[in-house]
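Let me begin by presenting the structure, written as structure tokens, before commenting on it.
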Amino acid sequence: MAKDLKKQPRPKAETPKGFRDYFGADVTERKQMLDRITEIYHRHGFEPLETSAVETVEALGKFLPDVDRPNAGVFAWQEAEVPGGGAGDWLALRYDLTAPLARVAAQFRNDLPSPYRRYAMGPVWRNEKPGPGRFRQFYQCDADTVGTASVAADAEICAMLSAALEHAGIPCGDYLIRINNRKVLNGILEAMGVTEGAPADDVLRTIDKFDKVGEQGVRQLLTTGRKDDSGAVIEGVGLRPEQADPVIAFLTSKGGNNAETLANLRAAVGASAIGAEGVEELAQISDMLAAMGVGEDRAVIDPSIVRGLGYYTGPVFEAELTFEILDEKGRKRQFGSVAGGGRYDGLVERFTGQKVPATGISIGVDRLLAALRAKGLMGGEVQGPVVVTVMDRDRMSDYQAMAAELRAAGIRAEVYLGNPKNFGNQLKYADKRQSPVAIIQGADEAARGVVQVKDLILGARIAAEASHDEWKSQPAQTEVRRADLIAEVRRILG
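Read in order, the letters of the sequence shown are residues 1 to 494 in the UniProt record's numbering.
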């Protein structure tokens with residue numbers, strides 16, 4: 001048996017494809033950012049909710065790309081067969097944080113307040129092909145209100161998102177929340193005489209290409225088709241030219257301010273009742289945002305936002321960062337979207353059979369953190385602990401006492417627990433830990449009741465800039481009374 005074990009190949013020490021490890025600075029900075037966002041959510045009266053990472057595939061089914069393969073798109077597995085029965089349930093890692101909320105809202109509907117306001121943060125998993133910047137595990141940060149159809153809830157979500165972005169570090173002027181309404185687009189489809197089925201789906205997909213192909217490209221795709229940049233012919237939807245007019249009017253209705261945009265949208269939806277209802281909801285949201293101090297420099301009505309139109313039932317939102325960054329080739333580009341959401345009134349109904357209105361927003365945690373780093377607001381050197389070096393193995397209790405005193409004073413500290421034989425290795429360890437201070441006390445210092453306090457940050461700067469004589473004078477290392485250890489470390493850290 002022992003020989004067989006020795007023949008087994010060693011496992012590869014590598015991260016699975018599409019996944020990554022998060023080290024100290026990543027975890028610390030993410031927590032700092034989420035703490036700021038949490039503070040805003042809490043201030044708005046939202047309650048935290050933590051759900052299981054595992055849900056039944058049945059509960060996640062709405063999000064699966066292929067219902068004939070219940071494990072497509074998610075990391076799923078089937079429970080072992082029950083003795084004497086059939087196959088077990090399919091379980092899966094959660095695909096997002098909204099589906100678990102819908103399940104909770106249905107399962108605990110008699111216990112939860114209505115409306116129910118919750119926020120949730122954590123990892124989600126998607127069994128999709130990974131690529132540059134695209135991982136199979138990533139973090140989301142959601143806030144939702146379940147149980148009210150009032151557009152005041154949608155306006156509040158947008159205002160809260162604005163406050164969260166700014167509290168996280170994105171200043172006004174570097175982001176814009178764009179707001180649209182699925183009902184307005186339903187009115188446009190109604191005016192076109194295309195309300196359901198494949199033609200309507202084709203129209204929605206074409207509208208989503210407006211940013212890439214422009215007004216003329218959309219018109220061509222809705223009618224006879226067009227050639228792309230490569231010369232390939234893309235087949236059109238086949239609508240008559242006059243049928244495409246309402247879509248073009250809708251997509252080009254963005255005015256110089258919200259009032260002008262709303263007026264253009266009213267003209268675009270014509271006599272459609274559902275379209276007029278959607279425009280009125282946008283008008284109410286605009287008024288309420290203004291009342292909450294969220295002006296058009298922070299949030300605007302924008303008909304070009306067509307995210308998730310097959311999923312959302314009313315207002316939709318998208319937060320876009322407007323500042324420029326340099327890509328890997330040194331070219332300037334806008335950072336893009338970091339959050340999105342909207343009203344989804346049909347999700348809880350899957351469980352209860354009854355309409356339960358809901359609205360919410362989801363922040364892409366990794367993208368927002370990358371944006372803060374690009375702005376220089378995150379990503380600085382993370383300060384490590386004060387390191388108490390070990391000069392005498394027999395005096396380990398004394399060194400542990402020093403570390404304990406530092407911790408009791410609120411200072412992060414540790415005792416070096418490697419082989420203390422080579423003192424240079426201890427300082428190299430402190431440098432690798434990005435420690436600001438090292439504490440040194442040998443037998444001579446202990447007998448005199450003093451300690452050596454070494455300012456490692458100043459020491460590194462002196463080593464890089466100072467003359468040899470200045471370096472030899474050791475200005476970065478100070479001898480103080482043992483009783484003054486805490487005060488001296490605080491002075492350096494201060």
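Glycine is no exception: its CB is placed at the ideal position from the N, C-alpha and C atoms.
C-alpha of Ala409 to C-alpha of Leu485: approximately 11 Å in a straight line.
Every beta strand (DSSP E) stretch that sits fully inside the segment 146-206 and reaches 3 residues is listed by chain position as 175-181. In the three-state reduction of the DSSP assignment, Ser337 falls in the strand class. Lys17 is the residue among Ser114, Ala164, Lys17 and Ala168 whose C-alpha sits nearest the C-alpha of Gln137. Sequence-distant partners of Ala244 (beyond 5 residues in either direction) whose C-beta falls short of 7 Å from its own C-beta, in its chain, are Arg219, Leu222 and Thr223. Between Val146 and Ala358, the gap from beta carbon to beta carbon is short of 8 Å.
Apart from the 5 residues on each side of it in sequence, Trp77 sits with its Cβ closer than 7 Å to the Cβ of Leu91 in its chain, given in chain order. Rounded to the nearest whole angstrom, the CA to CA distance from Gly346 to Arg117 is 17 Å. A direct Cα-to-Cα measurement between Leu97 and Arg240 gives close to 42 Å. Per DSSP, the beta-bridge partners of Glu55 are Ala92.
Distances from the CA of Val124 to each of Cys158, Leu60 and Gly353 were compared; the closest alpha carbon is that of Leu60.
A straight-line Cα-Cα distance of about 6 Å links Pro48 and Ala120. By the C-beta density criterion, Ala483 is exposed, having fewer than 16 other C-beta atoms within 10 angstroms.
Val124 has Phe138 as its beta-bridge partners, per DSSP. Collapsing the DSSP output to three states places Asp455 in a strand. Separation of Ile37 and Ala164 (C-alpha to C-alpha, rounded to the nearest whole angstrom) is 5 Å.
Per the coordinates, the alpha-carbon of Ala487 lies some 16 Å from the alpha-carbon of Pro385. The Cβ atoms of Asn186 and Ile325 lie no closer than 8 Å to each other. In the assembly as shown, Arg30 is a buried residue. Its beta-carbon has 16 or more other beta-carbons within 10 Å. Cβ atoms of Asn180 and Val365 stay farther apart than 8 Å, at about 24 Å. For the 8 Å CB-CB criterion, Ala438 and Thr389 form a contact. Excluding sequence positions up to five before and after Met396, its CB lies within less than 8 Å of the CB of Val390 and Val415, all in the same chain and listed in chain order. Boundaries of the beta strand (DSSP E) harbouring Lys227: Gly225 to Lys227, taken from the DSSP string. For Arg412, the closest of Leu427, Pro436 and Lys428 by C-alpha to C-alpha distance is Pro436. The residue from Ala143, Asp89 and Val57 with its alpha-carbon nearest to that of Gly341 is Ala143.
For Leu251, the three-state secondary structure derived from DSSP is helix. A Cβ-Cβ contact shorter than 8 Å links Met33 with Leu368. Note on geometry: alpha-carbon atoms of Glu445 and Val453 lie some 11 Å from one another.
If the five residues before and after Arg266 are omitted, its C-beta is found closer than 6 Å to the C-beta atoms of Val279, all from its own chain and listed in chain order. Take Ser162, set aside five residues on each side of it, and the residues of its chain with a beta-carbon closer than 7 Å to its own are Ile177, Val294, Arg298 and Ala299, in chain order. Within the DSSP secondary-structure output, Ile440 pairs in a beta bridge with Gln452.
With respect to Tyr175, Ala319 sits close: the two C-beta atoms are nearer than 8 Å. Ranking Ser272, Glu260 and Ala271 by CA distance to the CA of Ser286 puts Glu260 first.
Only residues of its own chain outside the window of five on either side were considered, and among them Lys454, Asp455, Leu458, Gly459 and Ile462 have a CB closer than 7 Å to the CB of Ala476, listed in chain order.
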